[in-house]
Amino acid sequence: MMSQPTETAPALPNPLHDLHQQAGAEFQAYAQLEVVSTFGEPQAEYAAIRKGAALVDLPQRGILELTGADRLAFLNNLLTNQTWDKATKAGLPGGQGVYAFFLNTKGRIVADVNVVERGDRTLLDMDARVVEAVRGAFDKFLFREQVKMVNRVGTLHTIALHGPGAGKILEEATGNSLTADLGQLGSIDGRLFDEPATVWRDDVCGVPGFHVVVNTTAARRIWMGLVSQFYENHEPGHRRLRPAGWAAFNATRIEAGRPLFGIDFDDSVLPAETGQAARAVSFTKGCYLGQEIVARMHARGQVARQLVGLRMADDALPMAGTLIYDDKDNQVGGVTSSTVSPVLSNACIAIGFVKKPFIPAGSVVNIPAEGAVRKATVVELPFVTQAL
0 MMSQPTETAP ALPNPLHDLH QQAGAEFQAY AQLEVVSTFG EPQAEYAAIR
50 KGAALVDLPQ RGILELTGAD RLAFLNNLLT NQTWDKATKA GLPGGQGVYA
100 FFLNTKGRIV ADVNVVERGD RTLLDMDARV VEAVRGAFDK FLFREQVKMV
150 NRVGTLHTIA LHGPGAGKIL EEATGNSLTA DLGQLGSIDG RLFDEPATVW
200 RDDVCGVPGF HVVVNTTAAR RIWMGLVSQF YENHEPGHRR LRPAGWAAFN
250 ATRIEAGRPL FGIDFDDSVL PAETGQAARA VSFTKGCYLG QEIVARMHAR
300 GQVARQLVGL RMADDALPMA GTLIYDDKDN QVGGVTSSTV SPVLSNACIA
350 IGFVKKPFIP AGSVVNIPAE GAVRKATVVE LPFVTQAL
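Note that numbering that gives the first Met the number 0 has the sequence shown beginning at 0, numbered continuously upward.
Pasting the structure below:
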């Protein structure tokens, strides 16, 4: 069972940290670094994601860059999703991408990966803490293939724009009219304030989400350029873009039903248990590391536990790490993330693991929250759809 990131001892550098300090940001620990919790107006930051556009720094994300003619065929043998078609002997076209898991031999998740294919190179976006471990693991399977792998943590930096207005802002900032029309995991290369940038899309928060990968040395210029052009030069109440922290991002990604590696699941978890297999696993592409276990569970069509949505019956919020019980006080799961949802009339919602009998929507469980045991109902994810 996982919980919110509360480890201390920041170690990974963030080129924007001092800039955030100057802006009066509040910070919180996230593993070996700090992330912005809020820039002082969490409600406005939440509203920016839901109704406008929010600028979010992502120092906790890292890039493993692959080049070489065999890279996509190589990845196809290691990841759960398809990056290479053996029949046509063709890889992902430039500008497309997939979400995938990298598993160990027991079928457990070592990392989840956004595969962003650019034609001349492949960017693997993942939790920065595991980039070097994944590179080392990949290297053990590399023999005569033409593949070069470079850990780009420290040399590339990612920021994101989330919200209905995010695509239009990036179109104006990059001068590229194709940005807003990117599909999921689609990407383009361009320039942002005269600096090279790769933009790829992932709607983590249930609204258009665009991740911008830039050279670390350019991160400050790009952040300040976006803030100056789309925040500071607009009247309060009419600002097109607002810097936002973890509090707003976390609330909206929970509403969107998006579990995160390192928070909601880890290397003890199987793909089918995440509820993300439909978008992370190809069941037709053939062999890859851990494939036999994934295929066996898929054939059986059932799991012992799974991440689900939980909606509390009252306004008490359970904390991450809280155990879940049945009516006979048997432990049947645990909460991994929780938030109060403004768009759902301040309902208390959570993501958590429950055992097989309680996976179906409508199941009722008991969760301690704010000094008492409360009822919660299992619901379909996402809690909030993009239509809202």
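Glycine included, C-beta positions come from ideal geometry on N, C-alpha and C.
All figures in this text were calculated on a predicted structure; none of them were measured in a lab.
CB contact flag (residue i, residue j, <8 Å)
i	j	result
residue 73	residue 149	no
residue 335	residue 350	yes
residue 39	residue 23	yes
residue 57	residue 123	no
residue 168	residue 240	yes
residue 206	residue 48	yes
residue 284	residue 81	yes
residue 396	residue 246	Nothing in the structure corresponds to residue 396, since the chain is present only between 0 and 387.
residue 37	residue 244	yes
residue 376	residue 361	yes
residue 212	residue 191	no
residue 276	residue 316	no
residue 221	residue 194	yes
residue 120	residue 63	no
residue 366	residue 305	no
residue 188	residue 117	yes
residue 354	residue 332	yes
For residue i: DSSP bridge partner residues
i	result
residue 237	None; residue 237 has no bridge partner.
residue 150	63
residue 123	63, 114
residue 210	159, 199
residue 194	191
residue 367	372
residue 278	Beta-bridge pairing links residue 278 to no other residue.
residue 390	The first residue shown for the chain is 0 and the last is 387, placing residue 390 beyond what the model contains.
residue 224	Per DSSP, none; premise fails for residue 224.
residue 311	375
residue 54	160, 242
residue 349	309, 337
residue 37	25
residue 94	The partner list for residue 94 (beta bridge, DSSP) is empty, contrary to what the question assumes.
Supposed contact pair residue j and residue i - C-beta distance, whole angstroms, cut 8 Å
i	j	result
residue 288	residue 104	7 Å
residue 125	residue 110	5 Å
residue 364	residue 324	7 Å
residue 248	residue 204	7 Å
residue 159	residue 229	That pair is no contact at about 14 Å.
residue 29	residue 59	5 Å
residue 258	residue 108	That belief does not hold up - the Cβ atoms of residue 258 and residue 108 are roughly 11 Å apart, past 8 Å.
Coil, strand or helix - residue i by DSSP
i	result
residue 82	coil
residue 325	coil
residue 9	With a pLDDT of 37 at residue 9, under the threshold of 50, the predicted position of this residue should be treated as unreliable, though the coordinate-derived value follows. Residue 9: coil per DSSP, three-state reduction.
residue 3	The pLDDT assigned to residue 3 is 41, lower than 50, so where the model puts this residue is not dependable, and the model offers no usable value.
residue 318	coil
residue 387	Because the pLDDT of residue 387 is 45, which lies under 50, any placement of that residue in the model is unreliable, and the question is left without a value.
residue 249	helix
residue 291	helix
residue 134	helix
residue 262	coil
residue 358	coil
residue 73	helix
residue 27	strand
residue 242	strand
residue 32	strand
residue 229	helix
residue 164	coil
residue 302	coil
residue 283	coil
residue 145	coil
Minimum C-alpha distance to residue i - residue among the options
i	options	result
residue 300	282, 317, 313	282
residue 389	271, 331, 308	What is shown of the chain runs 0 to 387, which leaves residue 389 out entirely.
residue 12	297, 155, 186, 264	155
residue 311	332, 378, 77	378
residue 144	75, 133, 182, 87	75
residue 340	383, 358, 369	383
residue 152	322, 129, 242	129
residue 272	100, 70, 186, 43	100
residue 69	274, 88, 113	88
residue 279	34, 102, 92, 198	102
residue 55	63, 84, 15	15
residue 93	184, 294, 252, 274	184
residue 18	232, 327, 219, 259	219
residue 34	71, 127, 356	127
residue 182	260, 115, 236	115
residue 200	165, 107, 226, 242	165
residue 78	344, 356, 106, 322	106
residue 83	286, 327, 31, 343	286
residue 314	344, 139, 252, 237	344
residue 175	197, 163, 41	197
Contact with chain B by residue i, beta-carbon distance below 8 Å
i	result
residue 328	Absent from the structure is chain B; it holds one protein chain and no more.
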